[in-house]
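First up is the structure itself, then whatever we jot down about it.
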Amino acid sequence: MAKTSLIQRELKRDALVAKFATKYANLKAIINDAKKSDEERYLARLELQKLPRNAYPTRQRNRCALTGRPRGTFRKFGLGRNKIRELAFKGDIPGVVKASW
Numbered sequence: 001m002a003k004t005s006l007i008q009r010e011l012k013r014d015a016l017v018a019k020f021a022t023k024y025a026n027l028k029a030i031i032n033d034a035k036k037s038d039e040e041r042y043l044a045r046l047e048l049q050k051l052p053r054n055a056y057p058t059r060q061r062n063r064c065a066l067t068g069r070p071r072g073t074f075r076k077f078g079l080g081r082n083k084i085r086e087l088a089f090k091g092d093i094p095g096v097v098k099a100s101w
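Here the working numbering is used: position 22 in the sequence shown is 22, and no number is missing along the way.
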């Protein structure tokens, strides 16, 4: 089980990303638009740098929904590798069967 403080920190990041999502997307669109003048793109970069650090989506970390483990998380299930294994052996994940050949 991950420390609860780390899980709470990640939830705080998620809230900040959601709060600034539209502003972030608008600024990124201006920066990547080659039709805009260099001055406009430069000002957009400066505005982007003024956003809180945790407002960037790249700072988010995928965590296991059950344990909070940050590594070995499968996007399809939202679970860590060891929890997927446990639940698959119990038969709790539909469509997942043990391989045999």
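Glycine included, C-beta positions come from ideal geometry on N, C-alpha and C.
{"Check": "For phenylalanine 74, three-class secondary structure by DSSP", "Outcome": "strand"}
{"Check": "Of the residues Ala99, Asp92 and Arg59, the one placed nearest aspartate 14, counting alpha carbons only", "Outcome": "Arg59"}
{"Check": "Cβ pair threonine 67, glycine 78 closer than 7 Å", "Outcome": "no"}
{"Check": "Distance between leucine 11 and cysteine 64 (C-alpha atoms, nearest Å)", "Outcome": "13 Å"}
{"Check": "Cβ shell of lysine 36 (< 7 Å), same chain only, five flanking positions each side left out", "Outcome": "Ile30"}
{"Check": "Through-space distance from arginine 85 to leucine 16, alpha-carbon basis", "Outcome": "33 Å"}
{"Check": "Alpha helix (DSSP H) segment containing serine 5, residue limits", "Outcome": "4-19"}
{"Check": "Neighbourhood of glutamate 47 by C-beta distance below 7 Å, restricted to the same chain and skipping five residues each side", "Outcome": "Leu27"}
{"Check": "Cα-Cα separation between threonine 73 and glutamine 49, rounded to whole angstroms", "Outcome": "30 Å"}
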